[in-house]
Each structure stands twice: as C-alpha cells, then as structure tokens.
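Okay, so here's the structure we're looking at.
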Amino acid sequence: GQQVMQIPQYQHVQEGEDFTTYCNSSTTLSNIQWYKQRPGGHPVFLIQLVKSGEVKKQKRLTFQFGEAKKNSSLHITATQTTDVGTYFCAGPTGRRALTFGSGTRLQVQP
Amino acid sequence: DTAVSQTPKYLVTQMGNDKSIKCEQNLGHDTMYWYKQDSKKFLKIMFSYNNKELIINETVPNRFSPKSPDKAHLNLHINSLELGDSAVYFCASSQGGDRVHEQYFGPGTRLTVT
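Quick note, the sequences are listed as chains X and Y, same order.
Residue numbers for the first sequence follow the working numbering, beginning at 12 and rising by one.
Residue numbers for the second sequence follow the working numbering, beginning at 194 and rising by one.
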C-alpha cells in the first residue's frame, strides 16, 4: 500500500534558525497537504499543493511539491517558539482519504 | 462556533468495558473520518463515511463499530476494550467530491484503558 515517510523524525533548533522537513511518497500523488499539530492539540490544515514543481509561501513558511509529485518539503525561515509542534504531510489514497506521513516534531529553544 | 466537536475529551476505563465517542460537525461536509493517533504520533485512518455510507474500513478489529445517524454525526463504539486501544482518537470532516479536500479535525478524545 501507499507509504508516506517524513524526515527528520525530530528536530530541535534555536529560535531564529531555519527548519526543513521532507516528505516522500512511495507513489505519485495527485496533491499533497500539510498539517500542523501543536502539543496537546489536533492537526490543523496549512496548505495544499497540486501542480508539479509548485511552490507556495505563507509568511515564513515555504512549501514545495516535487517535479515527479512524489516528494514535498516545508521550510520555515527564522523559527519562532510559536512554530513548535508536529508537521505532517498527507497524500490522497485514491479512496477519498489521506495517508498521513510519520510527522516531524519541531522543538524551538528560545 | 466549534466546527468539529467530539465528546468526551478524556475517557479512562477498564479493560473489557464498552465505550462510545461522539462526533459532530457543523460545516455541512459530506465526508467524515475517524483516525487513531498512537503514542508515537502516527495518524492512522480507521473509517471514512460519505453521506452516511461507509467507504473505508481499514484493518480495524471488529470491536470498533462506527455509526452515522446523519451526515453531521459520526460516532465510534468500541466493545471489549483492550490495553492496546489506548490512544487519541480524532474525528475529522471534509467536503465530498472526487478529490480529497482539506480535513478539519476535532479536538480529539484521549482514551486510556487500564
């Protein structure tokens, strides 16, 4: 079945440093979604990428969808303590559901 | 206004008991889901309903039974609870249609089985 892996599993940065998480799918994706889950909270939708090679920005967050539509990345510039949480990528399974990646947990040291 | 709500937020119970978790969404969405998140934060789909019809039933023990009385509600009943059922259960909803739209999650129910 479809597998979606993320690396790294965990990253600890100093506030102000950059952070990147990478997402790789075993199959080609029609689109990819990103979610953020704060500690003790629930996943919250951030963005969806649809086109091959697409790049989207939300303030300090930059999302990229690979040319082959099998990988994606999320880059955060100059992290802040409010960025703490687990970031998940997710791709459609073909049965109107999502397969979530394993998640990258981000810790930001003030 | 809470978009996707779940009750209860916490559930502590003993092995062998039967329990239910309720979920309601007021977003007018056609599709609702149940996810299980384990201690390592893996989010795994359990069930998916579209317009009250089951469309996904992953390899979940048949002790778990979802029920959708209407489009806005998807409840989860668990029989004969086991220690391994301890996890956070999230309900979610999304628009229907051919493609998978963004999902809106409830606050989660932390189930602890002792």
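Glycine residues also receive a C-beta, built at the ideal position from the N, C-alpha and C atoms.
Note that this is a predicted model, so its numbers are computed, not measured.
- The three-state secondary structure of Gly77(X), taken from DSSP, is coil.
- Considered as a whole, the stretch 203 to 237 of chain Y harbours 203 to 206, 212 to 218, 224 to 230 as its complete beta strand (DSSP E) runs of no fewer than 3 residues, in chain order.
- Spatial neighbours of Arg49(X) in its own chain (CB-CB distance under 6 Å, excluding positions within 5 residues in sequence) are listed in chain order as Gly96.
- Val66(X) counts as exposed, since fewer than 16 other C-beta atoms from the protein chains shown sit within 10 angstroms of its C-beta.
- Neighbourhood of Phe99(X) in chain Y, by CB distance below 8 Å: Leu236, in chain order.
- A direct Cα-to-Cα measurement between Leu220(Y) and Val293(Y) gives close to 16 Å.
- Of the residues Tyr98(X), Thr93(X), Pro103(X), Lys80(X), the one whose Cα lies closest to the Cα of His86(X) is Tyr98(X).
- Interface annotation for the stretch 286 to 303 of chain Y against chain X: Ser287, Gly289, Gly290, Asp291, Arg292, Val293, His294, Glu295, Gln296, Tyr297, Phe298, Gly299, Pro300, Gly301, criterion Cβ-Cβ distance under 9 Å.
- A residue is called buried when at least 16 other Cβ atoms come within 10 angstroms of its Cβ; Tyr203(Y) does not meet this threshold and is exposed.
- Judged by DSSP secondary structure, Gln69(X) falls within the beta strand (DSSP E) whose first and last residues are 66 to 69.
- According to the DSSP secondary-structure assignment, His23(X) is paired through a beta bridge with Gln118(X).
- Listed as beta-bridge partners of Arg303(Y) by DSSP are Tyr203(Y), Val281(Y).
- Taken through DSSP and simplified to helix, strand or coil, Thr110(X) comes out as strand.
- For Leu267(Y), the enclosing beta strand (DSSP E) stretches over residues 266 to 271.
- Contacts with chain X at 9 Å (Cβ-Cβ) include Ser241(Y).
- For Leu247(Y) against Cys216(Y), the beta-carbon gap comes to about 15 Å, at or over 8 Å, which does not count as contact.
- According to the DSSP secondary-structure assignment, Met16(X) is paired through a beta bridge with Asn35(X).
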